[in-house]
Structure formats: C-alpha cells, structure tokens
Amino acid sequence: MRIFILLALTLSVTASCARVQGGLGRLGIGQGAANRAQVEIEGTRFRARSNADSADKRAITVTVTPVAVNPAAALEAGRYEATKYCLLTYGGSDTEWTIGPDQPVDGLTVVDDTITLQGRCTQR
12 MRIFILLALT
22 LSVTASCARV
32 QGGLGRLGIG
42 QGAANRAQVE
52 IEGTRFRARS
62 NADSADKRAI
72 TVTVTPVAVN
82 PAAALEAGRY
92 EATKYCLLTY
102 GGSDTEWTIG
112 PDQPVDGLTV
122 VDDTITLQGR
132 CTQR
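Numbering-wise (my numbering), the sequence shown opens with residue 12 and increments by one.
Encoded structure:
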C-alpha cells in the first residue's frame, strides 16, 4: 500500500511540475533558452536576448533583431526583455539605461539589423 501511495504522489507531482513549466514557458519564463525568447510588439516578432555582465550581474546588455521592420517596436522589445530579466532576477522591474529605448532610434547604432541596449537593474 505504501508503495502505491508513493507512486501516486510521485506521478501527481511530476504532472503538476510539467503543467507549471509549460505555462511559464509560454510566458518566456523558466526556459533554458529564455534569454533567446521571441517578443511580439505591435504584431511584429522580435528576437530579444539579455546578457548579464560577468563582474556586475545587475548590468545587462540586451540585443534585439530585426530592427528594420519597426524600429520603435524593437526598442520596446528591448525594454520588455530588460524588465523581464530585472524582475525575475532582482524582484523589481526598473532599469537605469546608459543606451536605452527612450533615446531616438536614429541616434542608436544598428549592426546587422540588430540593436544593442545597455542598462542596469536598480532594484535592491
């Protein structure tokens, strides 16, 4: 009887974890490849990637592509990616930008249809 109960509990927990992981995956959370998630802004899908600085994990670099389709939406995809990183890592969504989405698009460098933003999570 004990073995049956233990087996039932194990299967129940395994099924629940798979459901939670699947739900988080749809949000781009909890995936091994979450930092390569696609973000949809104004009907356009962007590939956004966040990378933390090795010396200061609060300092992040966000790359977004393709920019040419809708530059303003690409910047918002970058803001979203940074917000997601800061929120999941530090519990707050604020980012202090050094090269950020609030700057004019024509003042930012685009290389190979990819824009790079840099900022720092401010939540303590």
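We put the beta carbon where it would ideally sit given N, CA and C, even for glycine.
Quick caveat: nothing in here was measured; it's all calculated off a predicted structure.
So, residue i versus residue j, is the Cβ gap smaller than 8 Å?
| i | j | result |
| --- | --- | --- |
| G130 | E107 | yes |
| A93 | S61 | yes |
| G103 | L128 | no |
| V75 | A85 | yes |
| V116 | A83 | yes |
| C132 | I52 | no |
| V73 | T55 | no |
Can you check DSSP and say which residues form a bridge with residue i?
| i | result |
| --- | --- |
| Q129 | T72, I110 |
| Q49 | R58 |
| V121 | I126 |
How close, in whole Å, do the beta carbons of residue i and residue j come, if the pair is a contact with beta carbons under 8 Å?
| i | j | result |
| --- | --- | --- |
| V78 | T125 | 7 Å |
| D113 | Q134 | Not quite, the Cβ-Cβ distance comes to about 19 Å (not below 8 Å), so this is no contact. |
As a quick exercise: from the options, pick the residue whose alpha carbon is nearest that of residue i.
| i | options | result |
| --- | --- | --- |
| R58 | Y91, T100, D113, C97 | Y91 |
| V50 | E87, D113, D67 | E87 |
Length-filtered (3 minimum) beta strand (DSSP E) runs lying within the region 64–112: 70–76, 106–110
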